[in-house]
RNA sequence: UGUCCGAUAGUAUAAGGGUAGUACGACAGUUUUUGGUACUGUUUGUCUUGGUUCGAAUCCAGGUCGGACAACCA
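Residue numbers (the working numbering): 441 to 989.
Shown next, in the form of structure tokens:
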């Protein structure tokens, strides 16, 4: 009866390690560099790392990989923390690679003392040339055989600030002929007279990624250091430092990063979109950032579900955006309060309706167990309906309004289209209907049956709102794979603003962070730009549309 | 021309020598006061060539294709 969900390759490794007693406690970490906002690809890594320790016990650290002072900012630290917590995860320890600068410096000295590191005064260009190519070995230079004493002295001077940026660097002495370019005496410390967001001006030398990451993992007793595929070739170096230093042997495992159709994911490109004003900011609802998705109306649950469904493997992948959309529809279908809004209005007059109108009762969510309660919806003689719900010359399987056709007004009556009015340009401006008083929703004794039900808002009671419709940011499946500048492939219609949308009165009480379904139109949420007298809604995603006209 | 990683329906992901399964998508139908939801059905797949084996998606060898690697970035 145990419907065992199959394990991904990392879970298999962990189960084996736990079973064999190699580790008692699983420790993972999520290690972002605080140089940008987190995106859906990071969400995959977050769900993986935190999800693993939730499943197997143990804990996950949040460690900021802040070894490059010129790109990092506290603003990013804060946003990254907010995003992780919003996704629903809590780290055990908040740590920084910069916490380990002293230790790391000590490790470097140890390496020098073992004759495994040297100070190189070559220029960046010389070093690049000497490095060789993937198919040709590198060549050692004259600095490689300096004495330990001289190296120690020079490194001390580097630390003391006696050199300009770029004057020299500290390299590990490994193998200039290695088939792995990273093993050809990698740079481990460089000089940067720059202000660090946490250590201030205490340091002018900073460790490179390869000299900081594995050791930081080791210091924290990380058992499984999970990263993306582009670090595969770094693993040899990762292990080499740990072995030479004789410290806790964290192990690195790599999985394939997430790629999404019609999206770019690299921080560099996302930053470009922000800086060049092509989007409104990191949290533009079209951005694949966590903050963008949040503002768009995605829920943490839907993103976690998405990360669960895409799986973890080592092959390159390109996930269809439709899966993300499925996940948010599935979640919001159960949660979203239903309401009526007319995005593209046209007036409907019920010619035989007498009186001031009436109050109807509507279910807030037929998918919720308690139906989400009910609300009052005012109805009257004149209504706004969706322009696209009327066709002067109906198509084949048209269920909606057309001359002589009948539809039900959601929560209200069945009406029959008797007539319509056109302006001088031939545009329909008004639709005239008659209604059947005995067809009232919930107490219909008319015996009439109709195929179509349309939504509406009473003109007299309608409130107005701005609605922002979003579509994919790019018009090609894989902007990264296209020739030329990726920005040439931006979808010019990715955002459409409707400034005069009619909404039913109940929607005037909408709150930030709540999901709404505008019946027949899609899922929406209030935007942070909204004010009491100017409501702004974002469309999260449309409903699946079964009508193929 | 080197080293490393990978290859299963349109997209992802299982099956770990023994029936190729699941999800999303697409298509069709049932239900429905949302052309939504729910439910049912259909559709399409092991990169290739050999080998081992009673039996191979799985193990072995060659090939093909895709990706990564030559930042004082992470």
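Using N, Cα and C, we set each Cβ at its ideal position, and we do this for glycine too. Source: prediction; values computed, not measured.
Residue range of the beta strand (DSSP E) that includes residue i
i           : result
residue 859 : 854-862
residue 691 : 691-695
residue 665 : 664-668
residue 688 : Segment: none, residue 688 is in no beta strand (DSSP E) and carries neither H nor E.
residue 501 : 499-504
residue 872 : 868-875
residue 451 : That residue, residue 451, is in no beta strand (DSSP E); its alpha helix (DSSP H) goes 449-459.
residue 536 : 534-536
Burial state of residue i, where buried means 16 or more other Cβ atoms lie within 10 Å
i            : result
residue 621  : exposed
residue 836  : exposed
residue 824  : buried
residue 751  : exposed
residue 974  : exposed
residue 517  : buried
residue 698  : buried
residue 1032 : Examination of residue 1032 is not possible in this model, given that the chain is present from 441 through 989 alone.
residue 643  : buried
residue 669  : exposed
residue 527  : buried
residue 447  : exposed
residue 472  : buried
Residues bridged to residue i [DSSP beta-bridge criterion]
i           : result
residue 629 : 610 and 647
residue 848 : 854 and 893
residue 802 : 815
residue 779 : 958
residue 978 : 908 and 965
residue 903 : 943
residue 935 : 910
residue 589 : In the DSSP output, where bridge partners are listed per residue, residue 589 has none listed.
residue 822 : 789
residue 470 : 502
residue 640 : 636
residue 681 : According to DSSP, residue 681 bridges with nothing at all.
residue 759 : 700
Straight-line gap, residue i to residue j (C-alpha atoms, nearest Å)
i           : j           : result
residue 685 : residue 626 : 16 Å
residue 945 : residue 781 : 10 Å
residue 611 : residue 559 : 6 Å
residue 406 : residue 984 : Because the chain here runs from 441 to 989, residue 406 falls outside it and cannot be looked at.
residue 504 : residue 852 : 57 Å
residue 680 : residue 552 : 15 Å
residue 917 : residue 703 : 8 Å
residue 442 : residue 464 : Unreliable placement is indicated for residue 442, whose pLDDT of 38 sits below 50; no coordinate value is reported for it.
residue 461 : residue 452 : 14 Å
residue 764 : residue 820 : 40 Å
residue 450 : residue 485 : 12 Å
residue 777 : residue 816 : 13 Å
residue 845 : residue 788 : 14 Å
residue 562 : residue 570 : 10 Å
residue 509 : residue 495 : 35 Å
residue 594 : residue 487 : 44 Å
residue 709 : residue 474 : 16 Å
residue 832 : residue 903 : 28 Å
Residue range of the alpha helix (DSSP H) that includes residue i
i           : result
residue 810 : Premise fails: residue 810 is in no alpha helix (DSSP H) and is neither H nor E.
residue 521 : 514-527
residue 993 : The first residue shown for the chain is 441 and the last is 989, placing residue 993 beyond what the model contains.
residue 714 : 707-715
residue 560 : Segment 557-560 is the beta strand (DSSP E) holding residue 560; no alpha helix (DSSP H) there.
residue 484 : 480-496
residue 731 : 730-736
residue 744 : 740-750
residue 551 : 541-553
residue 573 : Counting along the chain, residue 573 falls outside any alpha helix (DSSP H), and DSSP gives it neither H nor E.
8 Å contact criterion, which residue i and residue j should meet: CB distance rounded
i           : j           : result
residue 965 : residue 980 : 6 Å
residue 502 : residue 470 : 6 Å
residue 628 : residue 647 : 6 Å
residue 854 : residue 909 : With a Cβ gap of about 30 Å, residue 854 and residue 909 do not count as contacting.
residue 754 : residue 808 : About 41 Å; that fails the 8 Å criterion.
residue 616 : residue 580 : 5 Å
residue 978 : residue 740 : With 8 Å as the limit, residue 978 and residue 740 do not qualify as a contact, their Cβ atoms being about 17 Å apart.
residue 931 : residue 958 : Contact flag wrong, Cβ pair sits at about 23 Å.
residue 830 : residue 871 : 6 Å
residue 813 : residue 804 : 5 Å
The ligand GDP heavy atom lying under 7 Å from the CB of residue i
i           : result
residue 739 : Of the ligands one can find in the structure shown there are none, so the ligand GDP has no counterpart to examine.
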